[in-house]
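Student: One structure coming up, written as structure tokens, with questions to follow.
2 protein chains.
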Amino acid sequence: MNDIFLRACRGEKVEYTPVWLMRQAGRYLPQYQAVRANIDFLALCKTPELAAEVTIQPVDILGVDAAILFSDILIPVEAMGMQLVFSDKDGPVFSEPIRNKSAVDRLIIPDAEVDMPFILESIKILREKLKNKVPLIGFSGAPFTLATYMIEGGGSRHFLQTKKMMFQNKRLFDYLMEKLTATLILYLSAQVKAGAQALQIFDTWAGMLSPIDYKNFALPYVKKIIYELKREGLPIIYFVNNCAGILHEVKKSGADIVGIDWRIDIADAIKKLGKKVVVQGNLDPCALFLSEEDIEERVKDILWKGEVARGHVFNLGHGVLPETPVKNVIALVKAVHRLSHI
Amino acid sequence: MNDIFLRACRGEKVEYTPVWLMRQAGRYLPQYQAVRANIDFLALCKTPELAAEVTIQPVDILGVDAAILFSDILIPVEAMGMQLVFSDKDGPVFSEPIRNKSAVDRLIIPDAEVDMPFILESIKILREKLKNKVPLIGFSGAPFTLATYMIEGGGSRHFLQTKKMMFQNKRLFDYLMEKLTATLILYLSAQVKAGAQALQIFDTWAGMLSPIDYKNFALPYVKKIIYELKREGLPIIYFVNNCAGILHEVKKSGADIVGIDWRIDIADAIKKLGKKVVVQGNLDPCALFLSEEDIEERVKDILWKGEVARGHVFNLGHGVLPETPVKNVIALVKAVHRLSHI
Chain E
1 MNDIFLRACR
11 GEKVEYTPVW
21 LMRQAGRYLP
31 QYQAVRANID
41 FLALCKTPEL
51 AAEVTIQPVD
61 ILGVDAAILF
71 SDILIPVEAM
81 GMQLVFSDKD
91 GPVFSEPIRN
101 KSAVDRLIIP
111 DAEVDMPFIL
121 ESIKILREKL
131 KNKVPLIGFS
141 GAPFTLATYM
151 IEGGGSRHFL
161 QTKKMMFQNK
171 RLFDYLMEKL
181 TATLILYLSA
191 QVKAGAQALQ
201 IFDTWAGMLS
211 PIDYKNFALP
221 YVKKIIYELK
231 REGLPIIYFV
241 NNCAGILHEV
251 KKSGADIVGI
261 DWRIDIADAI
271 KKLGKKVVVQ
281 GNLDPCALFL
291 SEEDIEERVK
301 DILWKGEVAR
311 GHVFNLGHGV
321 LPETPVKNVI
331 ALVKAVHRLS
341 HI
Chain C
1 MNDIFLRACR
11 GEKVEYTPVW
21 LMRQAGRYLP
31 QYQAVRANID
41 FLALCKTPEL
51 AAEVTIQPVD
61 ILGVDAAILF
71 SDILIPVEAM
81 GMQLVFSDKD
91 GPVFSEPIRN
101 KSAVDRLIIP
111 DAEVDMPFIL
121 ESIKILREKL
131 KNKVPLIGFS
141 GAPFTLATYM
151 IEGGGSRHFL
161 QTKKMMFQNK
171 RLFDYLMEKL
181 TATLILYLSA
191 QVKAGAQALQ
201 IFDTWAGMLS
211 PIDYKNFALP
221 YVKKIIYELK
231 REGLPIIYFV
241 NNCAGILHEV
251 KKSGADIVGI
261 DWRIDIADAI
271 KKLGKKVVVQ
281 GNLDPCALFL
291 SEEDIEERVK
301 DILWKGEVAR
311 GHVFNLGHGV
321 LPETPVKNVI
331 ALVKAVHRLS
341 HI
């Protein structure tokens with residue numbers, strides 16, 4: 001098996017820089033679209049054979065150094081008892097957002113084996129199928145990011161309802177966050193038990209908080225999850241979108257690897273993160289619309305700057321966009337391998 | 001006249017920290033809603049007597065130290081020849097976005113006196129009415145931010161069309177940006193001639209760029225505008241939303257005052273900006289939903305950190321949100337004045 005990703009995550013010296021891409025399985029791939037033509041998004045997440053199939057597609061097509069389970073960050077939220085609908089226009093929608101104590105009372109802390117067996121089944125199938133290929137990353141959303149969807153009822157621009165709860169009813173917010181934290185610890189542990197070889201926690205919306213609010217309302221919960229998961233002994237990646245202003249706090253999360261978005265120079269990020277963590281990132285997903293030559297120039301710059309970190313896993317700064325040309329994604333992966341080879 | 005805002009902008013020692021708020025005129029004020037009940041948004045921007053009225057409202061109600069012309073950043077874009085509609089649901093919409101050379105060819109470089117006389121008229125009325133009160137800030141959008149609306153056809157999430165043009169047709173993007181730059185120099189000069197006493201350039205979307213793209217595709221144009229306007233001798237504020245990762249470049253813009261959003265600690269921002277610029281900001285607009293006591297705590301923190309800058313103008317990190325309680329906004333302004341008084 002190609003285990004270079006796991007070795008890089010542990011800060012070991014590696015023969016080239018491993019690369020995988022957030023949303024490497026997805027709409028930009030015709031092979032994915034072919035599967036999705038017959039099944040809706042949530043059903044696909046819940047059908048292990050098909051979820052495994054689309055998870056493996058980018059491993060074969062792109063030659064990336066890790067697979068990441070095809071799923072959605074809101075799956076455990078649905079399992080907590082919230083009704084989830086994916087609308088083509090508005091994205092994820094919870095028709096009954098969390099606004100008071102009784103709504104949090106009603107949430108359960110799901111048992112993954114009972115409430116999300118399909119996730120564990122997907123992982124088992126994948127470990128079997130990936131045996132001679134690459135490691136499998138399990139994942140979850142971070143508590144703050146999941147809370148925004150639960151409180152707002154879906155995506156948001158200003159996250160006003162979330163911040164209102166934080167600011168006006170800290171006790172209720174904490175009650176919700178603690179329930180999420182407990183859920184995610186169990187959920188991620190179950191993924192590890194089923195066979196996940198690394199974990200990534202996605203904090204897509206933490207970057208909408210001021211540094212002081214991130215420190216008080218988001219970091220403590222994710223820190224607890226990372227602390228609890230550490231005993232499993234596998235690499236834990238914490239991806240924080242829009243992280244530039246809060247990296248000095250993100251650094252304290254306990255994660256082995258910090259994933260960064262593209263709005264910060266990776267050299268700046270490494271300076272802030274220090275020598276104890278491996279950095280993951282950070283090409284702008286839109287840069288995949290450049291020519292192959294220009295993509296290569298950007299890859300060179302990121303690799304060169306990444307060299308001074310404890311370790312570097314190449315990735316985008318956010319997920320692959322639906323319209324991205326597949327040939328450019330393939331060229332990217334090749335360029336990372338070729339240009340970093342020692 | 002209370003000229004403390006202008007003195008603070010020049011880096012002079014002042015008796016207390018001046019404060020004004022982005023979108024201080026707007027929907028959260030019942031007095032504004034009363035005016036808007038009878039007229040749509042764009043028509044209000046174009047009716048000098050009413051635009052002046054809503055501009056003055058927050059000066060009287062909040063006691064802020066500066067007024068900012070009530071208008072919209074897209075007014076000069078419409079004057080360039082693009083058809084603009086404000087939809088309640090989708091915000092600003094240009095039904096024919098810019099995608100090729102002939103679309104840019106068709107844009108004119110408007111003469112503010114002829115094409116936007118209402119703006120100049122509003123400023124003249126305001127200077128008359130504000131005579132014994134506070135200075136008047138004129139403004140425009142920055143070229144990059146305006147270009148995103150023109151290319152995307154409205155608001156956007158990933159700014160893919162804009163970045164595609166930047167990446168795949170640099171010449172076309174530059175052609176558009178140069179036309180915008182010329183337009184904005186004339187537009188802001190006309191505002192100064194009509195009586196604006198300071199200028200703010202809003203770069204709402206520059207923070208969606210990676211540092212290298214900001215440096216190449218956004219900064220040079222705004223720098224040119226600031227350079228040209230400098231000869232007018234009045235303070236120029238450059239507000240960059242989501243600035244944390246690009247402040248080392250923003251610093252080079254030539255602006256006298258840099259406005260920052262709330263996602264960065266103001267102490268960090270001052271460290272990055274150095275001793276040559278005055279800093280403006282940076283309370284999270286959502287923090288206005290805190291209790292008055294908690295608002296005060298946050299004000300204290302920002303004022304305390306702001307003291308080490310060349311100068312500090314208190315503001316939010318983004319515009320006042322529509323649902324904001326007016327009493328909290330009044331409390332904020334009072335707290336800034338009281339807590340900073342020497």
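Protein chains in written order, with our numbering: chain E, 1 to 342; chain C, 1 to 342. Even glycine gets a Cβ: it sits at the ideal position worked out from N, Cα and C.
At 3 residues or longer, and completely inside the stretch 255-302 of chain E: list those beta strand (DSSP E) runs for me, N to C.
Tutor: 257-260 and 278-283, all fully within the stretch 255-302 of chain E.
Student: Which same chain residues, not among the five before or five after E/I264, have their C-beta less than 8 Å away from its C-beta?
Tutor: Within the same chain, E/I264 has close Cβ partners C243, A244, L247 and N282.
Student: Report the residue from C/M177, C/A267, C/I342 and C/V299 whose alpha carbon sits nearest the alpha carbon of C/K101.
Tutor: Closest option to C/K101, Cα to Cα, is C/M177.
Student: For the stretch 125-139 of chain C against the stretch 55-72 of chain C, do three or more pairs of beta-carbon atoms, one drawn from each stretch, fall closer than 8 Å, so that the two count as touching?
Tutor: Enough Cβ pairs lie closer than 8 Å, so yes.
Student: Residues of chain E with CB under 8 Å from C/F352, in chain order?
Tutor: Summary: the structure shown does not reach residue 352 of chain C, with chain C confined to residues 1 through 342, and so no result is reported for it.
Student: Given that C/S210 touches chain E, what residues does it touch there, using C-beta distances under 7 Å?
Tutor: Simply W262, R263 and D284.
Student: Are the beta-carbon atoms belonging to C/L160 and E/L321 less than 8 Å from one another?
Tutor: For C/L160 and E/L321, yes; Cβs fall inside 8 Å.
Student: Alpha carbon to alpha carbon, what distance is there between E/A25 and E/I137?
Tutor: Approximately 13 Å between the Cα atoms of the pair.
Student: Just checking: is the beta-carbon of E/N315 within a distance shorter than 8 Å of some beta-carbon in chain C?
Tutor: No, no contact with chain C.
Student: Are the CB atoms of C/L234 and C/Q197 within a distance shorter than 8 Å?
Tutor: Cβ distance < 8 Å, so C/Q197 and C/L234 count as in contact.
Student: At 7 Å on the CB atoms, spell out the chain E contacts of C/R168, in chain order.
Tutor: It should be pointed out that residue 168 of chain C corresponds to Gln in this sequence rather than to Arg. In chain order: F289.
Student: Using the beta-carbon count (16 or more within 10 Å), is E/G91 buried or exposed?
Tutor: E/G91 should be labelled exposed.
Student: So what does DSSP say about E/G312, is it helix, strand or coil?
Tutor: The residue you asked about is not Gly; residue 312 of chain E is His in the sequence shown. It is a strand residue.
Student: Which same chain residues end up closer than 6 Å to C/V85 when comparing Cβ atoms and leaving out the 5 residues on each side of it in sequence?
Tutor: Taken in chain order, the residues that qualify are V93.
Student: Go to E/D203, then tell me how far its beta strand (DSSP E) extends in each direction, as first and last residue.
Tutor: Looking at the DSSP string, the run of the beta strand (DSSP E) that includes E/D203 is A198 to D203.
Student: Roughly how many angstroms separate the alpha carbons of E/Q335 and E/P18, rounded to a whole number?
Tutor: Per the sequence shown, the amino acid found at residue 335 of chain E is Ala instead of Gln. One C-alpha to the other measures close to 11 Å.
Student: Quickly, what does DSSP pair C/Y28 with across the bridge? List them, please.
Tutor: DSSP lists no partner for C/Y28.
Student: Check whether the stretch 136-150 of chain C and the stretch 111-118 of chain C touch, using three or more Cβ-Cβ pairs below 8 Å as the test.
Tutor: The answer is no - the stretch 111-118 of chain C does not touch the stretch 136-150 of chain C, with fewer than three Cβ pairs under 8 Å.
Student: Quick one, are the C-beta atoms of E/Q280 and E/I257 less than 8 Å apart?
Tutor: Going by C-beta atoms, E/Q280 is nearer than 8 Å to E/I257.
Student: Determine the burial state of E/P76: buried for a count of at least 16 other Cβ atoms within 10 Å of its Cβ, exposed for fewer.
Tutor: Buried is the call here.
Student: Would you please verify whether the beta carbon of E/E49 is less than 8 Å from any beta carbon of chain C?
Tutor: Not one chain C Cβ lies under 8 Å of E/E49.
Student: Pull up the CB-CB distance for C/I225 and C/T162, whole angstroms please, since I reckon it's below 8 Å.
Tutor: Wrong, their Cβ atoms sit about 19 Å apart, outside the cutoff.
Student: Note the first and the last residue of the continuous beta strand (DSSP E) segment covering C/F41.
Tutor: Segment F41 to C45 is the alpha helix (DSSP H) holding C/F41; no beta strand (DSSP E) there.
Student: To which residues of the same chain is E/Y16 closer than 6 Å at the C-beta, ignoring the five residues directly before and after it?
Tutor: Closer than 6 Å at Cβ, skipping near neighbours: H337, S340 and H341.
Student: On a Cα-Cα basis, can you pick out the residue from E/L69, E/S156 and E/A52 that is closest to E/I188?
Tutor: Strictly speaking, residue 188 of chain E in this sequence is Leu, with Ile absent from that position. When each option's Cα is compared against that of E/L188, the closest is E/L69.
Student: When you compare only the Cα positions, how much space is there between E/K124 and C/G259?
Tutor: Their Cα atoms are separated by approximately 52 Å.
Student: Identify the contact partners of E/K369 in chain C, using a Cβ-Cβ distance below 7 Å as the criterion.
Tutor: With chain E running from 1 to 342 in the structure shown, residue 369 of chain E is simply not present.
Student: Below 8 Å between beta carbons is the criterion; list the residues of the stretch 301-332 of chain C that meet it against any residue of chain E, in chain order.
Tutor: Answer set for the stretch 301-332 of chain C: D301, G317, L321 and E323.
Student: Quick one: which residues of the stretch 244-259 of chain E get their C-beta closer than 7 Å to a C-beta of chain C? List them in chain order.
Tutor: Of all residues in the stretch 244-259 of chain E, A244 and G245 have a Cβ within less than 7 Å of some Cβ in chain C.
Student: Name the DSSP bridge partner or partners of C/S67?
Tutor: Note that residue 67 of chain C is Ala in the sequence shown here, rather than Ser. Answer is C/L136, bridged to C/A67.
Student: Hey, does E/G281 have any beta-carbon neighbour from chain C nearer than 8 Å?
Tutor: No, because no Cβ of chain C sits closer than 8 Å to the Cβ of E/G281.
Student: Would you decide whether C/Q168 is buried or exposed? Buried here means 16 or more other CB atoms lie within 10 Å of its CB.
Tutor: It is exposed - the Cβ of C/Q168 has fewer than 16 other Cβ atoms within 10 Å.
Student: Exposed or buried, which one is E/A206 when buried takes at least 16 other CB atoms within 10 Å?
Tutor: Looking at its Cβ environment, which holds 16 or more other Cβ atoms inside 10 Å, E/A206 is buried.
Student: Report yes or no: is there a C-beta of chain D within less than 8 Å of the C-beta of E/N242?
Tutor: Here the protein chains are E and C, and chain D is not one of them.
Student: Which chain C residues sit within Cβ distance under 8 Å of E/G207?
Tutor: The contacting residues are R263.
Student: Taking E/L120 and E/A190 to be in contact with their CB atoms under 8 Å, please state how far apart those CB atoms are, rounded to whole angstroms.
Tutor: About 6 Å separates the two Cβ atoms, so the contact holds.
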